[in-house]
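Heads up: the sequence lines are chains A and B, in that order.
Counting with my numbering, you get residues 2 to 227 for the letters of the first sequence.
Counting with my numbering, you get residues 49 to 343 for the letters of the second sequence.
All C-beta atoms, glycine included, are put in the ideal place defined by N, C-alpha and C.
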Amino acid sequence: MLELSNVTKAYPNGSVALNQVNMLVERGEFVFVVGASGAGKTTLTKLLLREEKPTSGKIAINGKNIAKLRPHEVPYLRRSMGVVFQDFRLMPTWTVEENVAFAMVVVETAPRLIRRRVAEVLELVGLANKHAQLPSQLSGGEQQRVALARAIVNKPMLLLADEPTGNLDPETSWGIVKLLLDINSTGTTMLMVTHAKQIVDTLRKRVVELESGCLTRDEKCGIYHG
Amino acid sequence: MVKPRTFGYFFESAGKSLVRNSWMTLASISTVAVSLLVLGIFLLVAVNINAVAANVEGQLQVTAHLATLSAAERGRLETEIKAIPGVTEVRFVPQSEAWQRLLEWYGDNQDFLAGWEEENPLRDSFEIRADVSHRVPEIAAAVTVLAGVEEVLWGREIVEQLLAITRMMRLVGIGLMVALALAALFIIANTIRMAIFARRREIGIMRYIGATNWFIRWPFVIEGLVLGLLGGMMAASVLAWGYYLAVRALVQAIPFWPWVQPWPFLQQLALLLLSIGVVIGILGSGLSLRRYLDA
Ligand SMILES: Nc1ncnc2c1ncn2[C@@H]1O[C@H](COP(=O)(O)OP(=O)(O)OP(=O)(O)O)[C@@H](O)[C@H]1O
Ligand SMILES: [Mg+2]
Numbered sequence: 002m003l004e005l006s007n008v009t010k011a012y013p014n015g016s017v018a019l020n021q022v023n024m025l026v027e028r029g030e031f032v033f034v035v036g037a038s039g040a041g042k043t044t045l046t047k048l049l050l051r052e053e054k055p056t057s058g059k060i061a062i063n064g065k066n067i068a069k070l071r072p073h074e075v076p077y078l079r080r081s082m083g084v085v086f087q088d089f090r091l092m093p094t095w096t097v098e099e100n101v102a103f104a105m106v107v108v109e110t111a112p113r114l115i116r117r118r119v120a121e122v123l124e125l126v127g128l129a130n131k132h133a134q135l136p137s138q139l140s141g142g143e144q145q146r147v148a149l150a151r152a153i154v155n156k157p158m159l160l161l162a163d164e165p166t167g168n169l170d171p172e173t174s175w176g177i178v179k180l181l182l183d184i185n186s187t188g189t190t191m192l193m194v195t196h197a198k199q200i201v202d203t204l205r206k207r208v209v210e211l212e213s214g215c216l217t218r219d220e221k222c223g224i225y226h227g
Numbered sequence: 049m050v051k052p053r054t055f056g057y058f059f060e061s062a063g064k065s066l067v068r069n070s071w072m073t074l075a076s077i078s079t080v081a082v083s084l085l086v087l088g089i090f091l092l093v094a095v096n097i098n099a100v101a102a103n104v105e106g107q108l109q110v111t112a113h114l115a116t117l118s119a120a121e122r123g124r125l126e127t128e129i130k131a132i133p134g135v136t137e138v139r140f141v142p143q144s145e146a147w148q149r150l151l152e153w154y155g156d157n158q159d160f161l162a163g164w165e166e167e168n169p170l171r172d173s174f175e176i177r178a179d180v181s182h183r184v185p186e187i188a189a190a191v192t193v194l195a196g197v198e199e200v201l202w203g204r205e206i207v208e209q210l211l212a213i214t215r216m217m218r219l220v221g222i223g224l225m226v227a228l229a230l231a232a233l234f235i236i237a238n239t240i241r242m243a244i245f246a247r248r249r250e251i252g253i254m255r256y257i258g259a260t261n262w263f264i265r266w267p268f269v270i271e272g273l274v275l276g277l278l279g280g281m282m283a284a285s286v287l288a289w290g291y292y293l294a295v296r297a298l299v300q301a302i303p304f305w306p307w308v309q310p311w312p313f314l315q316q317l318a319l320l321l322l323s324i325g326v327v328i329g330i331l332g333s334g335l336s337l338r339r340y341l342d343a
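What follows is the structure in structure tokens.
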């Protein structure tokens, strides 16, 4: 469902963030992307979201080369993916419910369906009782759950998580990771960029390592440092 | 394509933004209103000058002073003049009538004319009217060459001055229009730019949850449109009210002047100002959007 062939990304300032990366991810897989700071992990997610275009190479999602998408097609690519970031990126003046619902408003779902689905997703991430609160009234872990709820509310086939536990303590992190596993078990393909050694080593999922832009390791049941 | 019901969200979003940045909202509505008001006043003056010009033009005529002619010669000449294209009316003014007019013209101060009566220095003439005033010069030229015509007079100066005034008004009008439209455009673009800046976080989120560019743009377009429309409405109402009162007062002061009546002229003017407001609003937001939203 996701295939990178000889993907190279050089930023205009000359720094090469990805160098001839090849990678194949099947539907429903759970993949950790690890590597030192500056290895190119975030660049990889930006390429998948088509926030950046590869300098060369091909990125196929469901067989379609997304490097060749025309600008007006890009939003529809993004609708097939969910994203969460280290910094949550919630609207501070909107309630939990409004933040989650926004993802459905943007894709123009009927209000009736929005209400039902938002309640369902908030139940799933364990925030049903906090639906009317503002992000500032929530803990970091809870805020990330809101972001996660927003990412999955439109049932994406691929979920990108760029250091989703980067700002959270280990215990809270596990709560988020358990949710990610739940989401993955319903068939959503998962790509999680992380520095959390303990999580990677415990779960023994597929691990892809980047080093200065090169893919140096790809193991089926890997650990954080090979 | 954006679904119709989503426009509820767009209007709500635009409304919130307008209220949140209320100072900028007021500033831009006022700027648009003032610009359009000045433009409107200019148009009012221009239309009235035009009306005067048309009035004067309607009275333009060619006067052909004649040599001493027999009745038959004069009849032939009249037929020739009537055959000139554009001539609608030819009237014979005998020298006695011309003298009479002169006396009337000077009224109480006609003493110095006394004594001239016997040998009346004035000549017989034809007064010739044209169907449209811009043909006056060519008719005058055609009459000049006819046998029996000694001298042809027509309001050359008046026609040329009118033309000059009209030309100048047009130039000033275009210049003014462009300058004011640019000012209004600039302020709206600036307001929208601030609105975009205030909502950059929201826009960022919209981007990666798959909002189309139009979905992101619409609220800002509506915002610009509302600014332009409200500015246009303010200008139109102030202008309509002001002109209505002005004409009422002026008609009493100078009744014979051809004032352009408020109705339906004001309706057209209001419509024009509103349309300009709307166009400026949409252009203004489009300007900011192009620079800030298209990655
Ligand atoms: N917009 C950009 N312009 C120029 N260079 C960039 C840009 N973004 C990233 N880079 C460079 O590309 C390289 C990879 O950056 P990237 O953000 O992908 O690293 P990362 O693996 O996500 O690091 P971290 O673990 O710290 O988040 C770095 O050397 C970085 O300086
Ligand atoms: Mg990163």
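Given residue i as reference, the closest of the options once Cα atoms are compared
{"i": "residue 49(A)", "options": "39(A), 2(A) and 14(A)", "result": "2(A)"}
{"i": "residue 63(A)", "options": "54(A), 56(A), 81(A) and 52(A)", "result": "81(A)"}
{"i": "residue 29(A)", "options": "183(A), 151(A), 210(A) and 199(A)", "result": "183(A)"}
{"i": "residue 292(B)", "options": "247(B), 107(B) and 318(B)", "result": "318(B)"}
{"i": "residue 125(B)", "options": "140(B), 250(B) and 78(B)", "result": "140(B)"}
{"i": "residue 324(B)", "options": "277(B), 287(B), 92(B) and 57(B)", "result": "277(B)"}
{"i": "residue 92(B)", "options": "334(B), 294(B) and 332(B)", "result": "294(B)"}
{"i": "residue 187(A)", "options": "207(A), 158(A), 193(A) and 206(A)", "result": "158(A)"}
{"i": "residue 56(A)", "options": "13(A), 198(A) and 90(A)", "result": "13(A)"}
{"i": "residue 73(B)", "options": "101(B), 232(B) and 55(B)", "result": "232(B)"}
{"i": "residue 328(B)", "options": "304(B), 280(B) and 299(B)", "result": "280(B)"}
{"i": "residue 208(B)", "options": "181(B), 53(B) and 168(B)", "result": "181(B)"}
{"i": "residue 199(B)", "options": "224(B), 170(B), 214(B) and 71(B)", "result": "170(B)"}
{"i": "residue 313(B)", "options": "335(B), 298(B), 288(B) and 333(B)", "result": "288(B)"}
{"i": "residue 77(A)", "options": "326(B), 123(B), 257(B) and 310(B)", "result": "257(B)"}
{"i": "residue 111(A)", "options": "52(B), 285(B), 326(B) and 303(B)", "result": "52(B)"}
CB contact flag (residue i, residue j, <9 Å)
{"i": "residue 165(A)", "j": "residue 177(A)", "result": "yes"}
{"i": "residue 185(B)", "j": "residue 164(B)", "result": "no"}
{"i": "residue 259(B)", "j": "residue 107(A)", "result": "yes"}
{"i": "residue 168(A)", "j": "residue 219(A)", "result": "no"}
{"i": "residue 18(A)", "j": "residue 214(A)", "result": "yes"}
{"i": "residue 20(A)", "j": "residue 41(A)", "result": "yes"}
{"i": "residue 141(A)", "j": "residue 189(A)", "result": "no"}
{"i": "residue 75(A)", "j": "residue 133(A)", "result": "no"}
{"i": "residue 204(A)", "j": "residue 31(A)", "result": "yes"}
{"i": "residue 125(A)", "j": "residue 131(A)", "result": "no"}
{"i": "residue 99(B)", "j": "residue 308(B)", "result": "yes"}
{"i": "residue 86(A)", "j": "residue 95(A)", "result": "no"}
{"i": "residue 236(B)", "j": "residue 76(B)", "result": "yes"}
{"i": "residue 39(B)", "j": "residue 254(B)", "result": "A query on residue 39(B) cannot be resolved here, the shown segment of chain B reaching from 49 to 343 and no further."}
{"i": "residue 90(B)", "j": "residue 224(B)", "result": "yes"}
Chain-ordered chain A contacts of residue i [CB-CB under 8 Å]
{"i": "residue 250(B)", "result": "92"}
{"i": "residue 54(B)", "result": "106 and 109"}
Cβ neighbours of residue i in the same chain (closer than 6 Å, five flanking residues each side left out)
{"i": "residue 202(A)", "result": "224 and 225"}
{"i": "residue 138(B)", "result": "126, 129, 130, 174 and 176"}
{"i": "residue 58(B)", "result": "266, 267 and 270"}
{"i": "residue 222(A)", "result": "205"}
{"i": "residue 185(A)", "result": "31 and 191"}
Residues of its chain near residue i, where Cβ-Cβ distance is below 8 Å and the 5 sequence neighbours each way are ignored
{"i": "residue 84(A)", "result": "46, 50, 152, 160, 161, 162 and 163"}
{"i": "residue 59(A)", "result": "4, 5, 6, 7, 8, 66 and 68"}
{"i": "residue 337(B)", "result": "240, 244, 265, 268 and 269"}
{"i": "residue 43(A)", "result": "163 and 194"}
Anticipated Cβ contact below 8 Å, residue i with residue j, distance rounded
{"i": "residue 110(B)", "j": "residue 187(B)", "result": "5 Å"}
{"i": "residue 209(A)", "j": "residue 24(A)", "result": "6 Å"}
{"i": "residue 22(A)", "j": "residue 216(A)", "result": "5 Å"}
{"i": "residue 105(A)", "j": "residue 113(A)", "result": "So it is not a contact: roughly 11 Å between Cβ atoms."}
{"i": "residue 128(A)", "j": "residue 150(A)", "result": "7 Å"}
{"i": "residue 179(B)", "j": "residue 143(B)", "result": "Going by Cβ atoms, the distance from residue 179(B) to residue 143(B) rounds to 28 Å, so no, they are not a contact pair."}
{"i": "residue 112(B)", "j": "residue 191(B)", "result": "5 Å"}
{"i": "residue 53(A)", "j": "residue 10(A)", "result": "6 Å"}
Proximal residues to residue i (C-beta, below 7 Å), its chain only, five neighbours per side dropped
{"i": "residue 283(B)", "result": "81, 84, 85, 88 and 321"}
{"i": "residue 61(A)", "result": "4"}
{"i": "residue 135(B)", "result": "129, 176, 178 and 187"}
Interface residues of chain B facing residue i [CB-CB closer than 7 Å]
{"i": "residue 104(A)", "result": "257"}
{"i": "residue 290(A)", "result": "With chain A covering 2 to 227 only, the question about residue 290(A) has no answer from this structure."}
Within chain B, partners of residue i - CB distance below 8 Å
{"i": "residue 80(A)", "result": "257 and 258"}
Where residue i meets chain B, residues with beta-carbon distance less than 9 Å
{"i": "residue 77(A)", "result": "258 and 260"}
{"i": "residue 84(A)", "result": "256 and 257"}
Beta-carbon neighbours of residue i, restricted to chain A and to distances below 7 Å
{"i": "residue 263(B)", "result": "107"}
{"i": "residue 57(B)", "result": "106"}
Chain A residues whose Cβ lies nearer than 9 Å to that of residue i
{"i": "residue 244(B)", "result": "The premise fails here: residue 244(B) is roughly 15 Å from chain A at the closest Cβ pair, so nothing lies under 9 Å."}
{"i": "residue 270(B)", "result": "What residue 270(B) touches in chain A: nothing, since even the nearest Cβ is about 16 Å away."}
Closer than 9 Å to chain D by CB, residue i
{"i": "residue 146(A)", "result": "Included in the structure are the protein chains A and B, with no chain D among them."}
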